[in-house]
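Order-wise, the sequence lines are chains A and B.
In terms of the working numbering, the first sequence opens at residue 483 and continues consecutively.
In terms of the working numbering, the second sequence opens at residue 483 and continues consecutively.
Following: one structure in structure tokens, then a few remarks.
There are 2 protein chains.
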Amino acid sequence: MEFISGVKQKEDVTISQILAGDYIGKTVKMRGAVHNVRDMGEVVFVILRKSEGLVQCVFEDKPAAEPALPDTSESAADVTDEAESFAGNSLALSDIKNLKEESAVEVTGRVVSEVRAPYGFELRLSGIEILSEPDEILPLAVNKFKMHTSLEAKLALRPISLRNVRERAKFKIQEGIVRGFRDFLMSQGFTEVHTPKIVSRGAEGGSNVFKLDYFNKKAEMGQSPQFYKQTMVGVYDRVFEVAPVFRAEKHNTTRHLNEYVSLDFEMGYIDSFEEIMAMETGFLQYTMELLAKDYQKELNMLDVKLPDVSRIPAVRFDKAKELVAEKYNRKIRNPFDLEPEEELLIGRYFEEEYGSDFVFVTHYPSKKRPFYAMDDPEDARFTLSFDLLFRGLEVTTGGQRIHDYKEILKKMEKRGMDPADIESYLMIFKYGMPPHGGLGIGLERLTMRLLGEQNVREASLFPRDVTRLEP
Amino acid sequence: MEFISGVKQKEDVTISQILAGDYIGKTVKMRGAVHNVRDMGEVVFVILRKSEGLVQCVFEDKPAAEPALPDTSESAADVTDEAESFAGNSLALSDIKNLKEESAVEVTGRVVSEVRAPYGFELRLSGIEILSEPDEILPLAVNKFKMHTSLEAKLALRPISLRNVRERAKFKIQEGIVRGFRDFLMSQGFTEVHTPKIVSRGAEGGSNVFKLDYFNKKAEMGQSPQFYKQTMVGVYDRVFEVAPVFRAEKHNTTRHLNEYVSLDFEMGYIDSFEEIMAMETGFLQYTMELLAKDYQKELNMLDVKLPDVSRIPAVRFDKAKELVAEKYNRKIRNPFDLEPEEELLIGRYFEEEYGSDFVFVTHYPSKKRPFYAMDDPEDARFTLSFDLLFRGLEVTTGGQRIHDYKEILKKMEKRGMDPADIESYLMIFKYGMPPHGGLGIGLERLTMRLLGEQNVREASLFPRDVTRLEP
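Have a look at this one:
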């Protein structure tokens, strides 16, 4: 009987292994995609693309002669070794010159210090084994540092354009944001949950839902895990979820997606809704540190400067409108609504006045918030809720929720809602819920603003918008 | 201007804080749900339910008299303190007796060693503040250790029944499995990705898809992230995703859900499909260690014995059928299909013969696998693929994929498929893909088998099946 007993060390090495170990002068095998072939005549550079980064490989046709890139750090003996390692293999210049970009290969080569190469080393090639070859030449210059292509073109060829090192760096940073969210919340006693996305009725209500037929019953795609995460506060006190949400909004703007990843948390036993903002600030602080520590290479590649999140100003909704109206000479047209331009100006105001990229806008009007939002006991026209703006864009909506059964029934009645429609949600209040609140963060929007991108589609691997269902 | 500067320490304490600190003899505040009130006359026990576990709180009406549970570890001075702490507050016996179960409360009490209490301490109550009260009495005995209720009843009242400590322990263990999956794969150089769930066409094809209208275009809910994770191998070499998948299967069995969480990974530059099994074995080894380390309390509560995953037998599909037919006197009715009972018997065979709870069944027949599966070059009737059975239940399907453009076109043609339908997927092969493979693990099935549950619904917070769309 054959047995599988766990991961075996592969023969080929990674970049990290080379950087961590004593590999200089040694011959190694390395696998990756042929990112670029630069033919300089008798010297050919092959750039290998690996998950971690790019590796420079060199092949010379006349190894016994002067090396094209003399490596002064090596001794004469080493040079002889090198000559041998070039001479002693069956690799021919023509093999290298015929290499197709995007082939998957295993190269064999000697590791040599080279300050001008990425990571400070290169491989002097002695062998190349082709593992797989493309059928056609790439339709766009994936191997250029900047592709200089339209977003439209990049998205149409998304499966390929993501191979560009700057494109993929964006989603590596996105990975870091999600890691930060989970790791930080775990450290704060939160439990991760997985709740259903096919639901009988969405949390936000309204017409912006995707409907589907569920075995002859009417169903919807969840717009938010709202009801479920509140339910789970009754079970674990503090919960979070990272999962897709679906919104059938017909807006085709630079900041809307019809499917996006929502970072949700919900916490019980709160004393005030400020605690939710404090938790989010803690998440941002933790995450910026994590990015600085583990994603510096990607941040540098994309010229991203991490924002200061040591303290985030919080301003009331009505006050924010006043401040902006005053400073930028605007009229307040509707005191109970915030226009996108006002959001931008609030962002600008707090950048100019307080040097902050973020601002919490609190106490949103009750009529702009869902029925489960808790009204401010001091003025029921407003709620104990907030949005977080990042450089003028809403990236989070959160707040305290009603936890009292009679109170939520009263608010539903006022809005003409039928409790029978959401009976299983209302059950949690009937049988007791602690004071609680939470928030939802749009992952793509947060990523977009962090990267300084102008379109949210830049921060989604495979964006879904009104016209885009593929790739 | 008000500023939010991060998480502030709360005044109330957690169980971990008490266990880690020097709290014995000190008066603390603690928050939680009133899980149970046991009225013993002049002594009342209040069990507080917190996310971490249950805390025993005691109130005595005659603090000056003998304590009902004399704590011999304490000195006379301490007893005086205790008397004071009971006497010095406004808390009356009637307050305690009128406490409603499932109220959210903040208790004040002195921490006292008590070996018979969970965690070895109890709180001698001096105050209770009610933060929120239920409207009605619970319709089921959530506070019993075992609820002795039908699955049907538990699911109908799921938002409440999950508050039972054994119910919620299951999903804490599920959290650990997901953590194990992510942490292990991160350590192996995998990148986490988020791919869309609304798709133009599902990976598996067939009729088992939920259809929806996407702005007047036909769309489906993804049955698997298959196409996208393969695409992302061209970008990051190794990727994983934890996300819901949707299958409109009409089976209403103990092992089918119509929405479940799929743990997917896909890895490039493999030498053989055995590498995928080795990676999965590594994941299981890592995860069992993680569960033993961080989830021991829940494992004990549910009497879960972790399986030995130091080595997992691997057997060919055809050979497995023969072994089972021979040992259990069965006829092989269809050499190219595996019946559920055969799966169970294969599980039993490897348990009996090798003491293994797991077995990899390899080389599934080509006609039972999707078009993208790589056929065995030695016998094209079979594929380089596998299932992992856990105590006779399929919990994973995986294998090597075709990476050559012409080869995948050929296989599609053989099956009468039109390449135009999945052009953006085929793009990755046209422009070059490394040899690769991967797998998908059903989180609920893996959890179910680990917990020794007989129905997969026991391992889903809010299961979706043919008849169940709520809660």
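Cβ coordinates follow ideal geometry from the N, Cα and C atoms, glycine included.
Source: prediction; values computed, not measured.
Neighbouring residues, chain A, relative to residue i (Cβ below 8 Å)
i         : result
Pro822(B) : Neighbours of Pro822(B) on chain A: none; closest Cβ ~22 Å, over 8 Å.
Gln882(B) : Within chain A, no residue comes near Gln882(B); the closest Cβ sits about 12 Å away, beyond 8 Å.
Phe663(B) : Going along chain A, no residue has its Cβ under 8 Å from Phe663(B), so there is no contact; the nearest lies around 12 Å.
Thr677(B) : Leu943, Phe944
Ala725(B) : Ala725, Pro726
Val589(B) : Within 8 Å Cβ-Cβ: nothing; Val589(B) doesn't reach chain A, min ~12 Å.
Ser906(B) : Arg640, Pro641, Glu952, Pro953
Val948(B) : Phe697
Exposure label - residue i; buried when at least 16 CB within 10 Å
i         : result
Ser498(A) : exposed
Gln705(B) : buried
Val598(B) : The amino acid occupying residue 598(B) in the given sequence is Arg; Val does not appear at that position. With fewer than 16 Cβ atoms within 10 Å of its Cβ, Arg598(B) is classed as exposed.
Val785(B) : Contrary to the premise, residue 785(B) reads as Asp rather than Val in this sequence. Counting Cβ neighbours within 10 Å, Asp785(B) comes out exposed, since fewer than 16 surround it.
Ala547(A) : Any reading at Ala547(A) is ruled out, since the residue's pLDDT is 44, under 50, leaving its predicted position unreliable.
Leu501(B) : exposed
Gly503(A) : exposed
Glu823(A) : exposed
Pro795(B) : buried
Thr735(A) : exposed
Gln538(B) : buried
Gln882(B) : buried
Pro817(B) : exposed
Ala902(B) : exposed
Lys579(A) : exposed
Asp746(B) : buried
Within chain B, the residues that residue i reaches when beta carbons sit closer than 9 Å
i         : result
Arg720(A) : Ser533
Leu620(A) : Tyr913, Gly914
Gln670(A) : Val489
Thr496(A) : Gly671
Beta bridge counterpart(s) of residue i as assigned by DSSP
i         : result
Tyr742(A) : Val727(A)
His918(A) : Gly750(A), Arg883(A)
Asp858(A) : Asp861(A)
Ala701(A) : Leu694(A)
Gly924(B) : Ser744(B)
Met783(B) : Met783(B) is not bridged to any residue.
Lys892(B) : Looking at the DSSP assignment, Lys892(B) forms no beta bridge with any residue, so it has no partner.
Met512(A) : Val589(A)
Ser867(B) : Gly881(B)
Phe603(B) : Ser595(B)
Glu876(A) : Leu871(A)
Leu470(A) : Outside the shown range of chain A, which is 483 to 953, sits residue 470(A), and nothing can be said about it.
Closer than 7 Å at the beta carbon, the chain A residues around residue i
i         : result
Gln778(B) : Those do not exist, as Gln778(B) stays about 16 Å from chain A at its closest Cβ, beyond 7 Å.
Per-residue contacts from residue i into chain B (C-beta, under 8 Å)
i         : result
Pro916(A) : Arg513, Ala515, Ala586, Leu613, Ser614
Phe485(A) : Arg793, Ile794, Pro795, Ala796
Arg650(A) : Val717, Tyr718
Met761(A) : Val489
Gly764(A) : Gly488, Val489
Residues that residue i contacts on chain B, provided the C-beta gap is smaller than 7 Å
i         : result
Ile910(A) : Pro641
Gln499(A) : Residues of chain B passing the Cβ test: none, with the nearest at roughly 10 Å.
Gln936(A) : Ordered by position in chain B, no residue passes the 7 Å Cβ test against Gln936(A), which lies about 21 Å from the chain.
Neighbour flag for residue i against chain E, beta carbons, 8 Å
i         : result
Tyr601(B) : Protein chains A and B are contained in the structure displayed, whereas chain E is not.
Neighbour list for residue i in chain A, Cβ cutoff strictly below 9 Å
i         : result
Asp839(B) : Within chain A, no residue comes near Asp839(B); the closest Cβ sits about 14 Å away, beyond 9 Å.
Three CB pairs or more closer than 8 Å across the stretch 708-716 of chain A and the stretch 904-916 of chain A: Because the criterion of three Cβ pairs below 8 Å is met, the stretch 708-716 of chain A and the stretch 904-916 of chain A touch.
At a cut of 8 Å, does the stretch 660-674 of chain A reach the stretch 761-770 of chain A through at least three beta carbon pairs? Touching, yes, given that three or more Cβ pairs across the two stretches are closer than 8 Å.
May I ask you to list, following chain order, the residues of the stretch 780-813 of chain B that have a beta carbon less than 8 Å from some beta carbon of chain A? Listed in chain order, the positions of the stretch 780-813 of chain B with a beta carbon within less than 8 Å of a beta carbon of chain A are Ser792, Arg793, Ile794, Pro795, Ala796, Val797.
With 8 Å as the C-beta to C-beta threshold (strictly closer), list the residues of the stretch 691-719 of chain A near chain B in chain order. Under the 8 Å Cβ criterion, the stretch 691-719 of chain A contributes Phe692, Lys693, Leu694, Asp695, Tyr696, Phe697, Lys699, Ala701, Met703, Tyr710, Thr713, Met714, Gly716, Val717, Tyr718, Asp719.
Residues of the stretch 846-880 of chain A in Cβ contact with chain B at a cutoff of 9 Å, in chain order, please. So the list is empty, because no residue satisfies the distance condition.
Quick test of the definition: if touching needs 3 or more C-beta pairs under 8 Å, does the stretch 645-665 of chain B touch the stretch 625-634 of chain B? Short answer: they touch.
Between the stretch 732-744 of chain B and chain A, which residues of the former have CB atoms less than 7 Å from a CB of the latter, in chain order? Residues passing the 7 Å Cβ filter: Glu741, Val743.
Report the residues of the stretch 635-646 of chain B with a CB closer than 8 Å to any CB of chain A, ordered along the chain. Those would be Leu639, Arg640, Pro641, Ile642, Leu644, Arg645, in chain order.
Quick check: the stretch 740-752 of chain A against the stretch 929-947 of chain A, are there 3 or more CB pairs under 8 Å? With a cut-off of 8 Å, the stretch 929-947 of chain A and the stretch 740-752 of chain A count as touching, because enough Cβ pairs lie within range.
Which residues of the stretch 883-900 of chain A have a Cβ closer than 8 Å to any Cβ of chain B? Give them in chain order. Correct list: His885, Asp886, Tyr887, Lys888.
Stretch-stretch touch, CB-based, cutoff 8 Å, three pairs: the stretch 488-496 of chain B with the stretch 504-518 of chain B: Between the stretch 488-496 of chain B and the stretch 504-518 of chain B, the count of Cβ pairs shorter than 8 Å is three or higher; the stretches touch.
Check whether the stretch 755-763 of chain A touches the stretch 688-698 of chain B, counting contact only when three or more Cβ pairs, one atom from each stretch, lie closer than 8 Å. The count of Cβ pairs closer than 8 Å, one atom from the stretch 755-763 of chain A and one from the stretch 688-698 of chain B, stays below three, leaving the stretches out of contact.
For the stretch 924-940 of chain A against the stretch 896-905 of chain A, are there 3 or more C-beta pairs whose distance is under 8 Å? Segment contact: the stretch 924-940 of chain A against the stretch 896-905 of chain A, fewer than three CB-CB distances shorter than 8 Å; contact not assigned.
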